[in-house]
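Engineer: Just passing along the structure, written as structure tokens.
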Amino acid sequence: MNKISIELADRVKNLPPYLFATIDKMKQNALSKGVDLIDLSIGDPDIPTPRHIVNRMKKAVENPGHHRYPSYEGMLSFREAVANWYKRRFKVSLNPKTEVLSLIGSKEGIGHIPLAFINPGDVVLVPSPGYPVYPVATLFAGGESHIMPLVKQNKFLPDLKAIPKSILKKARLMFINYPNNPTSAVAGKDFYKEVIDFALRHSIIICHDAAYSEVYYDNKKPLSFLQTPGAKEVGIEFHSLSKTYNMTGWRVGFAVGNEKVIHGLGKIKTNLDSGIFQAVQEAGIEALNTSDDILRKIRGIYQERRDALYNGLKSIGLEAEKPKATFYLWAEVPKGFNSSSFVSHLLDKAGVLGTPGNGFGAPGDGYIRFALTANVKRIKEAVERIKKVV
Ligand SMILES: *Cc1c(COP(=O)(O)O)cnc(C)c1O
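Laid out in structure tokens, this is it:
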């Protein structure tokens, strides 16, 4: 019998290896050898979803009204809860009907937005090191990524003045992400103002990824992009319940901001998916109304871990940025190593797994990202083990 030839499409052939798949292989290999692995490689909270959210879900699941197709743009009550949360947290007003769109996790929205606004040959400005979905989503839409390097000398903010004129002519969309994964940098009002002026001057849609706005330290709350005047004229902000409420498995997030941009993304979604299970949206409403006591406790846990890892690494002579937000620590690899060789060295000699900085893009070489997703005892042990091999 003849077999058909099954060929991947070019867009799939052209994909870079998925970062975490490579790391997972290294991890499985170490585990199969019986290594007592301290895994600080993946940004997935180890703390469970708060009880009240789980309980609301249990009740919501029993409601037959939720067993049917949800509405495409999300339940109005969920979008209202989002608008109320923005008002409380950022003093930003949003029309829940036109300026809020629910997402099956923010990754879904980030992955789909270039399909709404990018034609083949258009350029998307992409920060690097950065979340791998930005360039991949661009590739899937037939666009071209122009890399904006995030370097220490510029506080891990993109240098907008360094973008060539020829690129600006073709650029239609820009991704930014603060608090930043992987560098843990935060952005201030001045940067957002510069971004808005830039967007207006060159007619570029801004997509700000704010997945980590609620994972912050020392009571210093990060800003929303939308708090800067003019932001809503030029773009949207992606948000997620994943990191804030330890809900990565639930798949619920949202986009807010410019009506036309929200509408464009919504158009793609109506043609691809059928929304979020309404019981999850109900649980999402519960999450958005979580009391600050609970969130303060979660932030306290991360802060203790951050201090243990930051102070520990410093005491053994490793240079790192002290995170003001996110649950990542961006550390420089010691002399004589690059990102990949240092990650392999720590795994082989210390049983500690981090993520190589260059996996987030070439400008991340020379760094390793540690995720604060293990308890303080394990983090202290990781430092002790690293101490013996650097
Ligand atoms: C985790 C993460 C997301 C996506 O989270 P979802 O679970 O899809 O909502 C988006 N951006 C960054 C930078 C992240 O680290």
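Under this note's numbering, residues 6 to 395 are what the sequence shown spells out, in order. Here a beta-carbon is modelled for each residue, glycine too, at the ideal position from N, C-alpha and C.
Ordered along the chain, which non-local residues of its own chain (more than five positions away) have a Cβ less than 7 Å from that of Val338?
Structural biologist: Result list for Val338: Ser344, Phe347, Gly371, Tyr372, Ile373, in chain order.
Engineer: Please report the straight-line C-alpha distance between Ser107 and Asp214, rounded to a whole angstrom.
Structural biologist: Those two C-alpha atoms are separated by around 14 Å.
Engineer: From what residue to what residue does the beta strand (DSSP E) around Glu337 run?
Structural biologist: Here the beta strand (DSSP E) through Glu337 covers 333-337.
Engineer: For Ala387, collect the residues of the same chain with a Cβ closer than 7 Å to its Cβ; drop the 5 residues on either side in sequence, then sort them by chain order.
Structural biologist: Contacts found: Ile43, Leu45, Val357.
Engineer: Is Ala260 near ligand 1, going by C-beta to nearest heavy atom under 7 Å?
Structural biologist: It does not: the Cβ of Ala260 is nowhere closer than 7 Å to a heavy atom of ligand 1.
Engineer: Taking just the CA atoms, how far does Asn89 sit from Tyr183?
Structural biologist: For Tyr183 and Asn89, the distance between alpha carbons rounds to 22 Å.
Engineer: Quick check on the DSSP output: the beta strand (DSSP E) that includes Pro140 runs from which residue to which?
Structural biologist: Segment 138-145 is the alpha helix (DSSP H) holding Pro140; no beta strand (DSSP E) there.
Engineer: Any heavy atom of ligand 1 closer than 7 Å to the Cβ of Ile209?
Structural biologist: Result no, Cβ not under 7 Å from ligand 1.
Engineer: Determine the direct distance from the alpha carbon of Ala146 to that of Gly110, and round the result to whole angstroms.
Structural biologist: Between Gly110 and Ala146, the C-alpha separation is close to 20 Å.
Engineer: If contacts are defined as beta-carbon pairs under 8 Å, then Glu126 and Lys175 qualify, I think. What distance do you get, rounded to the angstrom?
Structural biologist: Reading off the sequence, residue 126 comes out as Gly, not Glu. Yes, they are in contact, since the Cβ atoms of Gly126 and Lys175 sit about 7 Å apart, within 8 Å.
Engineer: Go through its chain and collect everything with a Cβ distance to Trp255's Cβ below 6 Å, but skip five positions before and after it.
Structural biologist: The answer, listed in chain order, is Val285.
Engineer: For ligand 1, is there a heavy atom less than 7 Å away from the beta-carbon of Ser218?
Structural biologist: False, no ligand heavy atom lies under 7 Å from that Cβ.
Engineer: Using 8 Å as the threshold, is the stretch 200-214 in touch with the stretch 228-248, meaning 3 or more CB pairs across them?
Structural biologist: In short, these stretches touch, since the Cβ pair count reaches three.
Engineer: Report all residues from its chain with a CB closer than 8 Å to the CB of Leu205; omit the five preceding and five following residues, and keep chain order.
Structural biologist: For Leu205, where only same-chain residues beyond five positions count, the Cβ hits under 8 Å are Gly235, Glu238, Val239.
Engineer: With a threshold of 8 Å between beta-carbons, can Tyr217 be considered close to chain C, or not?
Structural biologist: Among the protein chains of the structure shown there is no chain C, as only one such chain exists.
Engineer: Using only alpha-carbon positions, find the residue among Tyr250, Asn380, Ser218, Leu36 that is nearest to Arg56.
Structural biologist: Answer by Cα proximity: Tyr250.
Engineer: What residue from Gly289, Pro119, Glu309 has the CA that sits closest to Val59's CA?
Structural biologist: Of the listed residues, the one whose Cα sits closest to Val59 is Gly289.
Engineer: Taking 7 Å as the cut-off, is the C-beta of Asp214 nearer than that to any heavy atom in ligand 1?
Structural biologist: The answer is yes for Asp214.
Engineer: Pick from Pro53, Thr143, Phe375, Lys30: whose alpha carbon is nearest that of Lys396?
Structural biologist: Residue 396 lies beyond the residue range present for the chain, which begins at 6 and ends at 395; the question has no answer from this structure.
Engineer: According to DSSP, is Glu324 part of a helix, a strand, or is it coil?
Structural biologist: Residue state, collapsed to three classes: coil.
Engineer: Where do the N-terminal and C-terminal ends of the alpha helix (DSSP H) with Leu351 fall, by residue?
Structural biologist: Looking at the DSSP string, the run of the alpha helix (DSSP H) that includes Leu351 is 344-355.
Engineer: Measuring straight from C-alpha to C-alpha, what distance separates Trp335 and Asp223?
Structural biologist: Trp335 and Asp223: Cα-Cα distance of roughly 18 Å.
Engineer: Less than 7 Å separating the Cβ of Ile299 from some heavy atom of ligand 1?
Structural biologist: No, the Cβ of Ile299 stays beyond 7 Å of every heavy atom of ligand 1.
Engineer: Run the CB neighbour count on Glu104, radius 10 Å, all protein chains shown included, and call it buried at 16 or more, exposed below.
Structural biologist: Buried.
Engineer: What is the rounded straight-line gap between the Cα of Tyr74 and the Cα of Ile273?
Structural biologist: Going by the C-alpha atoms only, they are around 17 Å apart.
Engineer: What are the boundary residues of the beta strand (DSSP E) that Arg374 is part of?
Structural biologist: Segment 372-376, the beta strand (DSSP E) holding Arg374.
Engineer: Should Leu162 and Ser133 be called a contact, given that it needs their Cβ atoms to be closer than 8 Å?
Structural biologist: No.
Engineer: Would Phe332 pass as a contact of Val191 if the rule is Cβ separation under 8 Å?
Structural biologist: Cβ atoms of Phe332 and Val191: not closer than 8 Å.
Engineer: Run through DSSP, which three-state label would Glu149 get?
Structural biologist: In the structure shown, Glu149 sits in a strand (DSSP, three-state: E or B).
Engineer: For Ser107, write down the residues that DSSP places opposite it in a beta bridge.
Structural biologist: For Ser107, which the question treats as bridged, DSSP gives the partners Phe259.
Engineer: How big is the Cα-Cα spacing for Arg61 and Ala330?
Structural biologist: Taking the straight line from one Cα to the other gives about 29 Å.
Engineer: Please report the residue range of the beta strand (DSSP E) in which Ile241 lies.
Structural biologist: Per DSSP, Ile241 belongs to the beta strand (DSSP E) from 240-245.
Engineer: Taking C-alpha atoms, which residue in Ala65, Leu120, Ala35, Thr360 lies nearest to Tyr23?
Structural biologist: If we check each option's Cα against that of Tyr23, Thr360 comes out closest.
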